[in-house]
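According to the UniProt record's numbering, the residues represented by the sequence shown are 1 to 260, in order.
In this text, a Cβ means the ideal position worked out from N, Cα and C, and glycines have one as well.
Predicted model, so just to flag it, every value in this text is computed and none were measured.
Step one of this worksheet: look at the structure below.
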Amino acid sequence: MNATATPVLQGLWEYVRAGQQDILLSLYLPASCAFLTHVLFCAPFLALDALGSVCQRVRSWRIASGSGPPPSLWRWFDCFWRVLCKYVTTVLPATALFQSLRSCKFPELAPTCWQLFVEVVACFLLFDMLYFMWHYAMHRVPWLYHSIHQMHHQHHVPFALAAQDSSPAELLSLLLLALSTVWVVGCHPLSEVIFHLLNSWLAVEDHCGYNLPWALHRLLPCLGGAPFHQAHHSLQRGNYAPYFTHWDQLFGTYRTPVPY
1 MNATATPVLQ GLWEYVRAGQ QDILLSLYLP ASCAFLTHVL FCAPFLALDA LGSVCQRVRS
61 WRIASGSGPP PSLWRWFDCF WRVLCKYVTT VLPATALFQS LRSCKFPELA PTCWQLFVEV
121 VACFLLFDML YFMWHYAMHR VPWLYHSIHQ MHHQHHVPFA LAAQDSSPAE LLSLLLLALS
181 TVWVVGCHPL SEVIFHLLNS WLAVEDHCGY NLPWALHRLL PCLGGAPFHQ AHHSLQRGNY
241 APYFTHWDQL FGTYRTPVPY
(Lines of atoms letter the chains of each structure in order from A; the text may use other names.)
(Lines give C-alpha, C1' and ligand atoms only; values in the text may rest on other atoms or scores of the structure.)
Protein backbone atom coordinates (compact mmCIF):
# COMPACT_ATOMS: atom_id res chain seq x y z
CA MET A 1 0.00 0.00 0.00
CA ASN A 2 1.50 3.32 -1.01
CA ALA A 3 1.68 6.27 1.33
CA THR A 4 -1.08 8.23 -0.39
CA ALA A 5 -3.55 5.37 0.15
CA THR A 6 -2.68 4.76 3.78
CA PRO A 7 -5.52 5.77 6.13
CA VAL A 8 -4.63 8.41 8.70
CA LEU A 9 -5.43 5.98 11.51
CA GLN A 10 -3.46 3.05 10.07
CA GLY A 11 -0.40 3.54 12.28
CA LEU A 12 -2.49 3.53 15.44
CA TRP A 13 -4.42 0.49 14.28
CA GLU A 14 -1.25 -1.47 13.40
CA TYR A 15 0.12 -0.74 16.88
CA VAL A 16 -3.07 -2.10 18.42
CA ARG A 17 -3.08 -5.21 16.24
CA ALA A 18 0.62 -5.90 16.79
CA GLY A 19 0.85 -5.87 20.55
CA GLN A 20 -2.47 -5.26 22.23
CA GLN A 21 -4.80 -7.99 20.97
CA ASP A 22 -4.45 -10.15 24.09
CA ILE A 23 -5.41 -7.18 26.24
CA LEU A 24 -8.35 -6.27 24.01
CA LEU A 25 -9.65 -9.83 24.16
CA SER A 26 -9.59 -9.92 27.97
CA LEU A 27 -12.91 -11.04 29.45
CA TYR A 28 -12.81 -8.26 32.03
CA LEU A 29 -11.67 -5.35 29.87
CA PRO A 30 -15.08 -4.01 28.69
CA ALA A 31 -16.62 -3.64 32.16
CA SER A 32 -13.39 -2.36 33.72
CA CYS A 33 -12.90 0.27 31.01
CA ALA A 34 -16.57 1.29 31.14
CA PHE A 35 -16.46 1.87 34.89
CA LEU A 36 -13.08 3.65 34.91
CA THR A 37 -14.07 5.83 31.96
CA HIS A 38 -17.32 6.78 33.69
CA VAL A 39 -15.48 7.75 36.88
CA LEU A 40 -12.82 9.74 34.99
CA PHE A 41 -15.45 11.63 33.00
CA CYS A 42 -17.24 12.45 36.27
CA ALA A 43 -14.10 13.83 37.93
CA PRO A 44 -14.34 17.37 36.41
CA PHE A 45 -17.92 17.66 37.66
CA LEU A 46 -16.88 16.56 41.13
CA ALA A 47 -14.42 19.46 41.05
CA LEU A 48 -17.19 21.82 39.92
CA ASP A 49 -19.48 20.63 42.72
CA ALA A 50 -16.69 21.25 45.23
CA LEU A 51 -16.01 24.72 43.81
CA GLY A 52 -19.71 25.54 43.80
CA SER A 53 -19.74 26.05 47.54
CA VAL A 54 -17.20 28.90 47.28
CA CYS A 55 -17.47 30.25 43.72
CA GLN A 56 -20.46 32.27 42.55
CA ARG A 57 -19.51 31.81 38.88
CA VAL A 58 -19.72 28.02 39.20
CA ARG A 59 -23.06 28.27 41.03
CA SER A 60 -24.41 30.43 38.20
CA TRP A 61 -23.84 27.53 35.79
CA ARG A 62 -26.12 25.20 37.76
CA ILE A 63 -29.46 24.49 36.11
CA ALA A 64 -32.43 26.09 37.88
CA SER A 65 -31.89 28.13 40.99
CA GLY A 66 -34.34 25.89 42.82
CA SER A 67 -32.24 22.79 42.33
CA GLY A 68 -30.47 23.39 45.62
CA PRO A 69 -26.77 23.26 46.44
CA PRO A 70 -24.37 20.91 44.62
CA PRO A 71 -24.36 17.32 45.93
CA SER A 72 -22.14 16.74 48.93
CA LEU A 73 -18.97 14.65 48.88
CA TRP A 74 -20.80 12.00 50.91
CA ARG A 75 -23.51 11.77 48.25
CA TRP A 76 -20.83 11.27 45.61
CA PHE A 77 -19.13 8.60 47.72
CA ASP A 78 -22.40 6.79 48.39
CA CYS A 79 -23.31 6.79 44.69
CA PHE A 80 -19.81 5.62 43.73
CA TRP A 81 -20.11 2.50 45.88
CA ARG A 82 -23.57 1.68 44.57
CA VAL A 83 -22.39 1.89 40.97
CA LEU A 84 -19.22 -0.08 41.72
CA CYS A 85 -21.18 -2.88 43.40
CA LYS A 86 -23.53 -3.17 40.43
CA TYR A 87 -20.61 -3.35 38.03
CA VAL A 88 -18.85 -6.02 40.05
CA THR A 89 -21.93 -8.17 40.66
CA THR A 90 -23.81 -7.71 37.39
CA VAL A 91 -22.06 -5.88 34.56
CA LEU A 92 -18.68 -7.60 34.92
CA PRO A 93 -20.05 -11.19 34.77
CA ALA A 94 -22.43 -10.30 31.92
CA THR A 95 -19.76 -8.64 29.78
CA ALA A 96 -17.28 -11.42 30.54
CA LEU A 97 -19.82 -13.96 29.28
CA PHE A 98 -20.52 -11.88 26.19
CA GLN A 99 -16.79 -11.43 25.50
CA SER A 100 -16.21 -15.18 25.77
CA LEU A 101 -18.94 -15.86 23.19
CA ARG A 102 -18.05 -12.99 20.89
CA SER A 103 -16.04 -13.59 17.74
CA CYS A 104 -13.70 -10.60 17.63
CA LYS A 105 -12.10 -9.80 14.30
CA PHE A 106 -9.24 -7.39 13.83
CA PRO A 107 -9.18 -6.29 10.17
CA GLU A 108 -5.86 -5.39 8.64
CA LEU A 109 -6.93 -1.91 7.62
CA ALA A 110 -7.96 0.94 9.88
CA PRO A 111 -11.11 2.87 8.95
CA THR A 112 -10.76 6.08 7.03
CA CYS A 113 -11.64 9.22 8.96
CA TRP A 114 -14.85 9.52 6.93
CA GLN A 115 -15.80 5.89 7.62
CA LEU A 116 -15.18 6.36 11.34
CA PHE A 117 -17.29 9.54 11.37
CA VAL A 118 -20.20 7.95 9.49
CA GLU A 119 -20.19 4.82 11.66
CA VAL A 120 -20.11 6.78 14.92
CA VAL A 121 -22.90 9.12 13.81
CA ALA A 122 -24.97 6.14 12.63
CA CYS A 123 -24.47 4.48 16.02
CA PHE A 124 -25.67 7.55 17.87
CA LEU A 125 -28.75 7.97 15.71
CA LEU A 126 -29.71 4.30 16.07
CA PHE A 127 -28.94 4.17 19.80
CA ASP A 128 -30.93 7.35 20.37
CA MET A 129 -33.98 5.80 18.66
CA LEU A 130 -33.72 2.48 20.50
CA TYR A 131 -33.22 4.20 23.86
CA PHE A 132 -36.19 6.51 23.23
CA MET A 133 -38.43 3.49 22.62
CA TRP A 134 -37.16 1.57 25.65
CA HIS A 135 -37.22 4.61 27.95
CA TYR A 136 -40.77 5.50 26.86
CA ALA A 137 -41.88 1.91 27.54
CA MET A 138 -40.32 1.94 31.02
CA HIS A 139 -42.34 5.03 31.90
CA ARG A 140 -45.56 3.85 30.29
CA VAL A 141 -45.65 0.30 31.67
CA PRO A 142 -45.98 0.44 35.49
CA TRP A 143 -44.29 -2.94 36.04
CA LEU A 144 -41.25 -1.90 34.00
CA TYR A 145 -41.01 1.42 35.81
CA HIS A 146 -41.22 0.01 39.33
CA SER A 147 -39.06 -3.04 38.61
CA ILE A 148 -36.36 -1.51 36.43
CA HIS A 149 -36.36 2.28 36.07
CA GLN A 150 -37.58 3.73 39.35
CA MET A 151 -34.21 3.40 41.04
CA HIS A 152 -32.66 5.84 38.57
CA HIS A 153 -35.37 8.39 39.35
CA GLN A 154 -34.40 8.63 42.99
CA HIS A 155 -32.34 11.55 41.67
CA HIS A 156 -34.87 14.32 41.05
CA VAL A 157 -31.90 16.63 40.57
CA PRO A 158 -29.24 14.44 38.94
CA PHE A 159 -25.47 14.83 39.14
CA ALA A 160 -22.73 13.39 36.95
CA LEU A 161 -22.06 10.11 38.75
CA ALA A 162 -25.79 9.32 38.87
CA ALA A 163 -25.77 8.69 35.10
CA GLN A 164 -25.19 5.01 35.86
CA ASP A 165 -26.89 4.82 39.23
CA SER A 166 -29.62 2.51 37.95
CA SER A 167 -30.92 -0.95 38.71
CA PRO A 168 -28.78 -3.88 37.51
CA ALA A 169 -31.50 -4.76 35.00
CA GLU A 170 -31.43 -1.27 33.53
CA LEU A 171 -27.64 -1.21 33.31
CA LEU A 172 -27.71 -4.52 31.46
CA SER A 173 -30.48 -3.34 29.13
CA LEU A 174 -28.51 -0.22 28.19
CA LEU A 175 -25.41 -2.34 27.63
CA LEU A 176 -27.45 -4.58 25.32
CA LEU A 177 -28.76 -1.55 23.41
CA ALA A 178 -25.24 -0.19 22.89
CA LEU A 179 -23.85 -3.56 21.78
CA SER A 180 -26.82 -4.18 19.48
CA THR A 181 -26.31 -0.76 17.93
CA VAL A 182 -22.67 -1.48 17.13
CA TRP A 183 -23.59 -4.89 15.71
CA VAL A 184 -26.36 -3.53 13.45
CA VAL A 185 -24.16 -0.73 12.10
CA GLY A 186 -21.27 -3.14 11.58
CA CYS A 187 -18.65 -0.87 13.06
CA HIS A 188 -14.91 -1.16 12.72
CA PRO A 189 -13.42 -1.81 16.20
CA LEU A 190 -11.98 1.72 16.32
CA SER A 191 -15.38 3.22 15.53
CA GLU A 192 -16.90 1.05 18.25
CA VAL A 193 -14.42 2.34 20.83
CA ILE A 194 -15.08 5.98 19.86
CA PHE A 195 -18.83 5.43 20.07
CA HIS A 196 -18.62 3.89 23.55
CA LEU A 197 -16.36 6.68 24.82
CA LEU A 198 -18.56 9.47 23.47
CA ASN A 199 -21.68 7.67 24.67
CA SER A 200 -20.26 7.56 28.18
CA TRP A 201 -19.28 11.24 28.08
CA LEU A 202 -22.67 12.41 26.82
CA ALA A 203 -24.46 10.37 29.49
CA VAL A 204 -22.34 12.04 32.17
CA GLU A 205 -22.84 15.50 30.67
CA ASP A 206 -26.62 14.94 30.48
CA HIS A 207 -26.77 14.25 34.22
CA CYS A 208 -24.18 16.80 35.40
CA GLY A 209 -26.68 19.48 36.51
CA TYR A 210 -24.74 22.28 34.79
CA ASN A 211 -25.46 24.33 31.69
CA LEU A 212 -21.83 24.97 30.91
CA PRO A 213 -20.73 27.59 28.34
CA TRP A 214 -18.78 24.94 26.43
CA ALA A 215 -21.38 22.13 26.66
CA LEU A 216 -21.99 20.19 23.45
CA HIS A 217 -25.68 21.10 23.27
CA ARG A 218 -24.65 24.76 22.89
CA LEU A 219 -22.51 23.84 19.88
CA LEU A 220 -24.99 21.37 18.34
CA PRO A 221 -28.61 22.58 18.60
CA CYS A 222 -29.89 19.09 17.74
CA LEU A 223 -28.71 17.91 21.17
CA GLY A 224 -30.82 18.44 24.27
CA GLY A 225 -28.02 18.34 26.81
CA ALA A 226 -28.25 18.62 30.57
CA PRO A 227 -31.18 21.12 30.66
CA PHE A 228 -33.24 18.79 28.44
CA HIS A 229 -32.54 15.73 30.59
CA GLN A 230 -32.88 17.49 33.92
CA ALA A 231 -36.42 18.47 32.87
CA HIS A 232 -37.12 14.76 32.50
CA HIS A 233 -35.89 14.05 36.03
CA SER A 234 -37.79 17.00 37.49
CA LEU A 235 -41.09 16.26 35.74
CA GLN A 236 -40.72 12.46 35.77
CA ARG A 237 -42.01 12.38 32.19
CA GLY A 238 -41.20 13.63 28.69
CA ASN A 239 -37.79 14.09 27.05
CA TYR A 240 -37.28 10.34 26.74
CA ALA A 241 -34.51 10.41 24.13
CA PRO A 242 -31.02 10.40 25.63
CA TYR A 243 -29.31 12.93 23.37
CA PHE A 244 -31.26 14.29 20.40
CA THR A 245 -34.62 16.03 20.60
CA HIS A 246 -36.29 15.06 17.31
CA TRP A 247 -38.05 11.90 18.58
CA ASP A 248 -39.66 13.73 21.50
CA GLN A 249 -40.74 16.58 19.23
CA LEU A 250 -42.17 14.11 16.70
CA PHE A 251 -44.19 12.16 19.30
CA GLY A 252 -45.28 15.13 21.39
CA THR A 253 -43.25 14.20 24.46
CA TYR A 254 -40.90 17.18 24.29
CA ARG A 255 -40.81 19.22 27.49
CA THR A 256 -39.26 22.65 27.79
CA PRO A 257 -35.85 22.42 29.51
CA VAL A 258 -35.52 23.58 33.10
CA PRO A 259 -34.99 27.36 33.26
CA TYR A 260 -31.44 28.46 33.90
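Distance between beta carbons of residue j and residue i, contact taken as under 8 Å
i: residue 226; j: residue 63; result: 6 Å
i: residue 193; j: residue 42; result: At roughly 19 Å, the Cβ-Cβ gap does not stay under 8 Å, so residue 193 and residue 42 are not in contact.
i: residue 109; j: residue 7; result: 7 Å
Residues near residue i in its chain [Cβ-Cβ closer than 6 Å; skip 5 each side]
i: residue 152; result: 166
i: residue 247; result: 132, 241
i: residue 195; result: 120, 123
i: residue 35; result: 87
Three-way DSSP call (helix, strand, coil) for residue i in this model
i: residue 210; result: strand
i: residue 255; result: coil
i: residue 179; result: helix
i: residue 184; result: helix
i: residue 237; result: coil
i: residue 200; result: helix
i: residue 78; result: helix
i: residue 229; result: helix
i: residue 192; result: helix
i: residue 108; result: coil
Close Cβ partners of residue i (< 7 Å) along its chain, the five nearest in sequence each way excluded
i: residue 71; result: 49, 159
i: residue 209; result: 62, 63, 67, 157, 158, 159, 226, 230
i: residue 30; result: 95, 99
i: residue 252; result: none
i: residue 28; result: 92, 96
i: residue 164; result: 38, 83, 171
i: residue 191; result: 111, 116, 119, 120
Sheet register partners of residue i (DSSP bridge)
i: residue 218; result: Answer by DSSP bridge pairing: none, since residue 218 is not bridged.
i: residue 244; result: 223
i: residue 62; result: 210
Cut-off 8 Å between Cβ atoms - residues of its own chain near residue i, not counting five sequence neighbours on either side
i: residue 130; result: 177, 180, 181
i: residue 53; result: 69, 70
i: residue 215; result: 205, 225, 226
Just checking, does the region 187–204 make contact with the region 117–130 on the three C-beta pairs under 8 Å criterion? yes
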